[in-house]
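Colleague:
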Amino acid sequence: MLAFAPVTRAEWGITVRQDEEEVLATSNELQLRIFALGAITLFGALVLVYLTTHSVIQPVQALTSAARRMALIDLDTPIPAEGRDEIGVLSRAFDTMRSKLKDSMAEIHALNRQLDARVQERTAALVAAQRQAQESRDHLQTIIDSLSDELVVIDREFRVMRVNAVVERQRRDGVALIGLPCYQVTHGGVPCQPPDCECPLRAVFRTGKARRVMHRLGEDGGVRYMEVIASPLFGSDGQVNGVVELLRDVTEEKRLAVQRVELLRRVLSAQEDERKRIARELHDETSQTLTALLYALDTAVPLAETPEALGFIEKTRQLTQSASDGVHKIMLALRPRMLDQLGLVAAVRLYAQSRLNELGIRVEITEAGRVRRLNSSVETELFRTLQEAINNIARHAAAQHVHLTFDFQTDTLEIRVEDDGVGFDVDQVPASADGRRGLGLISMEERVSIVGGEFALRCRGKGRRSTYACQSRRMVMTQIRVLVVDDHAVLREGIRALLAKQSDITVVGEAGSGAEAVEQAQALKPDVILMDISMPGIDGMEATRRIKAHTPAARILVLTQHEDEELIVPMLQAGAAGYIFKRAGGAELVDAIRAVQHEGAYIHPRVARALMHQVSRVEEPSEPHLSEREKEVLTLIAQGLTGREIAEKLCLSEKTVVAHRTSIMEKLDLHHIADLVRYAIREGLVKP
1 MLAFAPVTRA EWGITVRQDE EEVLATSNEL QLRIFALGAI TLFGALVLVY
51 LTTHSVIQPV QALTSAARRM ALIDLDTPIP AEGRDEIGVL SRAFDTMRSK
101 LKDSMAEIHA LNRQLDARVQ ERTAALVAAQ RQAQESRDHL QTIIDSLSDE
151 LVVIDREFRV MRVNAVVERQ RRDGVALIGL PCYQVTHGGV PCQPPDCECP
201 LRAVFRTGKA RRVMHRLGED GGVRYMEVIA SPLFGSDGQV NGVVELLRDV
251 TEEKRLAVQR VELLRRVLSA QEDERKRIAR ELHDETSQTL TALLYALDTA
301 VPLAETPEAL GFIEKTRQLT QSASDGVHKI MLALRPRMLD QLGLVAAVRL
351 YAQSRLNELG IRVEITEAGR VRRLNSSVET ELFRTLQEAI NNIARHAAAQ
401 HVHLTFDFQT DTLEIRVEDD GVGFDVDQVP ASADGRRGLG LISMEERVSI
451 VGGEFALRCR GKGRRSTYAC QSRRMVMTQI RVLVVDDHAV LREGIRALLA
501 KQSDITVVGE AGSGAEAVEQ AQALKPDVIL MDISMPGIDG MEATRRIKAH
551 TPAARILVLT QHEDEELIVP MLQAGAAGYI FKRAGGAELV DAIRAVQHEG
601 AYIHPRVARA LMHQVSRVEE PSEPHLSERE KEVLTLIAQG LTGREIAEKL
651 CLSEKTVVAH RTSIMEKLDL HHIADLVRYA IREGLVKP
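Going by the numbering used here, the first residue of the sequence shown is number 1, and it counts up by one from there.
(1) Looking at the C-beta of Gln-597, does it have a partner C-beta in chain C at a distance below 8 Å?
(2) Counting only runs that start and end within the stretch 483-560, where is the alpha helix (DSSP H) found for 4 or more residues in a row?
(3) Quick one: Cα of Arg-370 to Cα of Leu-413, how far?
(4) Report the option in Gly-514, His-488 and Glu-381 whose CA atom is closest to the CA atom of Glu-454.
(5) Using the three-state DSSP reduction, which class does Arg-437 fall into: helix, strand or coil?
(6) For Ser-322 and Leu-294, which I take to be in contact (beta-carbon distance under 8 Å), what is that distance rounded to the nearest angstrom?
(7) Can Gly-512 and Asp-487 be called in contact, C-beta distance under 8 Å?
(8) In whole angstroms, give me the CA-to-CA distance for Asp-103 and Asp-155.
(9) Expressed to the nearest angstrom, what Euclidean distance is found between the alpha-carbon atoms of Phe-205 and Leu-246?
(10) State buried or exposed for Asp-504, treating a residue as buried only when at least 16 other CB atoms are found within 10 Å of its CB.
(11) Between the alpha carbons of Val-243 and Ala-176, how many angstroms are there, rounded?
(12) To the nearest angstrom, report how far apart Gly-586 and Ile-664 are at their CA atoms.
(13) Could you give the first and the last residue of the continuous alpha helix (DSSP H) run that contains Ala-346?
(14) Reducing DSSP to helix, strand and coil, say where Val-371 ends up.
(15) Provide the residue(s) that pair with Ser-231 in DSSP beta bridges, ordered along the chain.
(16) Can you tell me whether DSSP reads Ala-714 as helix, strand or coil?
(17) Thinking C-alpha only, which one of Val-152, Val-166, Arg-202 and Ala-165 is nearest Gly-179?
(18) Please work out which residues of its chain come closer than 7 Å, Cβ to Cβ, to Leu-282, disregarding the five sequence neighbours upstream and downstream, and give them in chain order.
(19) Going by DSSP in three states, Glu-683 sits in which element: helix, strand or coil?
(20) Consult DSSP for Pro-570 and reduce its assignment to one of helix, strand or coil.
(21) Of the residues Glu-516, Ala-394 and Ala-554, which one's Cα is nearest the Cα of Pro-689?
(22) Nearest CA to the CA of Phe-94: which residue from Leu-63, Glu-493, Ala-549 and Ile-108?
(23) For the 8 Å Cβ check, are there 3 or more pairs between the stretch 530-540 and the stretch 299-308?
(24) Let's test the definition: count the other Cβ atoms within 10 Å of the Cβ of Val-348 and tell me whether it reaches 16, buried, or not, exposed.
(25) State the Cα-Cα distance for the pair Ala-125 and Ser-236, rounded to the nearest angstrom.
(26) For Arg-260, count neighbouring Cβ atoms within 10 angstroms of its own Cβ and tell me buried if that reaches 16, exposed if not.
(27) Rounded to the nearest angstrom, what separates Glu-645 and Asn-357 at their Cα positions?
(28) Between the C-alpha atoms of Ala-574 and Gln-561, what's the straight-line distance to the nearest angstrom?
(29) Can you give me the C-alpha to C-alpha distance between Ala-576 and Leu-557, rounded to a whole angstrom?
(30) Using the Cα positions of Ile-673 and Ile-637, report the straight-line distance between them to the nearest angstrom.
(31) Who are the near neighbours of Arg-465 in its chain, counting only those whose CB is closer than 8 Å to its CB and skipping five residues on each side?
(32) Which residues in the same chain have their Cβ closer than 8 Å to the Cβ of Leu-233, if we skip the five residues on either side of it in sequence?
(33) Less than 8 Å between the C-beta atoms of Leu-483 and Gln-520, yes or no?
(34) Using 10 angstroms around the beta-carbon of Ser-148, count the other beta-carbons present and answer buried if the total reaches 16, otherwise exposed.
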């Protein structure tokens, strides 16, 4: 029941009576709905919580865990990708990054392993290289020390950095070599910087190219020649930091070379004399006979009675004319008379034209400078050289034009032979049957060297049509300057005529007395002085003493008719370098001059026997005591061995040999080699 009435006053009211269930039905229904809605809401909340946990929190936790693993470099565990929402996209991105990072780490590890392997290999290679370098250095030092030649390393300050054992053995004076100026070790303590040329070492430092030089050490009879090959030492920056000098004693080689040149000169001279003889006989006999036969055949032509006889005479005349022409060519090849009459240029022109024009080769000759005659032997050797070159062109070049140039200068003659024929490789010149280079090049080079010249061969193209050049250039006539001293003008003139035929000897002056000889020697500075003994006023012995006092470099060769044994030793003691009798032949005199100039001494065999005989008659007692080593040195000196030969024979240095020789002279109070020889013979150290 429901009752409604005003609150303040109630004059009336309404009372409604209804069943309670009916009244509360709506409320109960609403309550049920609210309860159902609450239950649904709670269930939805639970579902939402579950879904949130499953789709957000767990993936985030998984991503967080994956991030921690990645931070710890754990890249093996994959990151699950749940859903296609942002977290799923992020998970997949993280997993892709993990996978790529894993691959990158694997690649890095592989690279690290490779790098470690390479480092180990390089380290092992470096250790091996260092060991090999040390072994190489040790081996190189062993090789350097085993060299028979001297080796010196020089720095940029031109001081010695290193030497081999040979240099140390040569210097037994106890002086430390490292740090010394190079010239004190390499060439006798004399700086090698002439004012007219650049120091070879400076040239090596400047150009970076190796140089070959020749040092002349010592004076007069003790001259040594050292060949020096200077090679650059480059640093890591490409700059020349030092120079290696290899020094080789070539004294013996030069002596043998001089002997070889002299022997070759004699052979060629004999060959030329034989050529002259044959050419003269061909001219005087064969050529004249053939000419007479031609005249006889011409005379017989009118006497021929039948055509057959006339044909026979004509055929015989043609054969005779051909033989005459052949003989003429042979005479021209053997010795053209124009060479003796008009000189080198005219003879070469005649020969070139006669040899090449018939082959259709045009010959052109150019003369430069003041054309003049040369020494007869020089002209002969040059003619033979050019003859060989012309023959080579005729036989091998297939040329159409040949140009010869004669360039005469003050003291030199330069000759060039050029052609436009087929060239060839100079380094591949075919060898002849005896193993020598073909085309006559060796013969040409040797002939030019005999007269003090240089020979060069150039060929551009090497097998193509090109220019062949044979050049004898800067032919400096390095001659022995001789002063003839004799009081007989006829003899002086004869000696001058004899020496004029020699290409390497020239007479620079004459003297008719000893006083004049002293003056001429000081004024002319000759290389060799031919000295007579018996002259008015100052004799040859006193003149020799005075000349050696003022001009010690002069070599005096005694040329006398006196064969008195008593004069030989005093002349040698006065300073004479050689002794020869006038009755010796001209060839022996020329040999003596060359020997005195190049070897420092000459004693004719008859003079040596006379000297031995004189010394053997002296019976003076020998009181001074010599050691066994000094006796060995003295014996070898008396046998004629040089200081270097004695050093090699006794396994000593040359300085030690010189010291022994000085000690012997001091003990015996002797001052000349001749005195030592006399003493050795008298004491029985050598047999006379």
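Just so you know, even glycine gets a beta-carbon here, dropped at the ideal spot from N, CA and C.
Modeller: Inspection of the coordinates gives the following:
(1) Absent from the structure: chain C. Only one protein chain is present.
(2) 489-500, 514-524 and 540-550
(3) 10 Å
(4) Glu-381
(5) Since pLDDT at Arg-437 reaches only 42, below the 50 mark, its modelled position is unreliable, and no value is offered.
(6) No, Ser-322 and Leu-294 are not in contact; Cβ-Cβ is about 11 Å, not under 8 Å.
(7) Cβ distance < 8 Å, so Gly-512 and Asp-487 count as in contact.
(8) One C-alpha to the other measures close to 58 Å.
(9) Looking at the backbone, the Cα of Phe-205 and that of Leu-246 are separated by about 16 Å.
(10) buried
(11) 20 Å
(12) 39 Å
(13) 344-356
(14) coil
(15) DSSP output for Ser-231 lists Val-244 as bridge partner(s).
(16) Only positions 1 to 688 of the chain appear in this structure, which leaves residue 714 out of reach.
(17) Here the closest residue by C-alpha is Val-152.
(18) Val-327, Ile-330 and Met-331
(19) coil
(20) helix
(21) The structure shown does not extend to residue 689, since the chain spans only 1 to 688, so no value can be given for it.
(22) Leu-63
(23) No: fewer than three Cβ pairs fall under 8 Å.
(24) buried
(25) Cα to Cα, Ala-125 sits roughly 21 Å from Ser-236.
(26) exposed
(27) 58 Å
(28) 18 Å
(29) 6 Å
(30) 8 Å
(31) Unreliable positioning characterises Arg-465 in this predicted model, as indicated by a pLDDT of 36, which lies under 50. The coordinate reading is nonetheless provided below. So the qualifying residues of the chain are Asp-420, Gly-421, Val-422 and Gly-423.
(32) Val-153, Val-240, Asn-241, Gly-242, Val-243 and Val-244
(33) Yes.
(34) exposed
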